[in-house]
Amino acid sequence: KRTKNFVRISALGNYFQPRYDVLKDVYKKAASINPNIAAAFSNIGVAFYRLGYFEKAVEYFEKAIELDPQFDQAYYNKVAILMEKGEHTRAINFANKIHDLKQRNAHHARN
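Numbering (our numbering), first residue to last: 23 to 133.
This is how it looks when you write it as structure tokens:
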């Protein structure tokens, strides 16, 4: 039942795009239903990013990465914010993590 509610609420979030002020609250509700899904936290981060709250967005991307270190979309989102903020060195470091992650995943897929 929790998964079903999570999916429904996440779908509702898609309806509210680009109303990111509403969207962040919808995705927060989805994350409260299933707090172990990295995508939920990444979606909250995207909403905060679109609202211009970069630091808050980064917090949610980091939570997504903490939950699932293989969830590369959270890395991409964090890199985008760091680049926009002019933090190029940090952005490059995270871009390298994405590259390493993809190489490891490709290696595991072959074996």
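Cβ atoms here follow ideal geometry from the backbone N, Cα and C, with glycine treated the same way.
Check: Which same chain residues, not among the five before or five after Tyr71, have their C-beta less than 8 Å away from its C-beta?
Finding: Answer for Tyr71: Ala79, Asn99, Ala102, Ile103, listed in chain order.
Notebook entry, point to check: Which word fits Lys46, buried or exposed, when buried means at least 16 other C-beta atoms lie within 10 angstroms of its C-beta?
Noted result: Using a 10 angstroms sphere on the CB of Lys46, the tally of other CB atoms reaches 16 or more, which defines it as buried.
Next item on the list: Within its chain, find whatever has a CB closer than 8 Å to the CB of Ile123; leave out the 5 residues flanking it on each side and keep chain order.
Entry: As written in the sequence, residue 123 is Leu, which differs from the Ile given in the question. Excluding positions up to five away in sequence, the list reads Pro91, Gln92, Asp94, Tyr97.
Next item on the list: In angstroms with no decimal places, state the Cα-to-Cα distance between Ala53 and Glu77.
Entry: Those two C-alpha atoms are separated by around 19 Å.
Notebook entry, point to check: Given Lys119, which residues of its chain have a CB within under 7 Å of its CB, disregarding the five upstream and five downstream residues?
Noted result: Cβ-Cβ distances below 7 Å link Lys119 to Tyr97 in the same chain, with the five nearest sequence neighbours on each side left out; the list follows chain order.
Notebook entry, point to check: If you drop the 5 nearest sequence neighbours on each side, which residues of the same chain put their C-beta closer than 7 Å to that of Phe116?
Noted result: If we look at Phe116 and ignore the five residues flanking it on each side, its Cβ neighbours are Tyr97, Lys100, Val101, Leu104.
Next item on the list: Compute the Euclidean distance between the alpha carbons of Gly74 and Leu89, then round it to the nearest angstrom.
Entry: C-alpha of Gly74 to C-alpha of Leu89: approximately 24 Å in a straight line.
Next item on the list: With a 10 Å radius around its C-beta and 16 neighbouring C-beta atoms as the bar for buried, classify Ile114 as buried or exposed.
Entry: The residue in question, Ile114, is exposed, as its Cβ has fewer than 16 Cβ neighbours within 10 Å.
Check: Would Asn65 be called buried (16 or more neighbouring beta carbons within 10 Å of its own) or exposed?
Finding: Taking all protein chains in view, the Cβ of Asn65 is crowded by 16 or more other Cβ atoms within 10 Å, so the residue is classified as buried.
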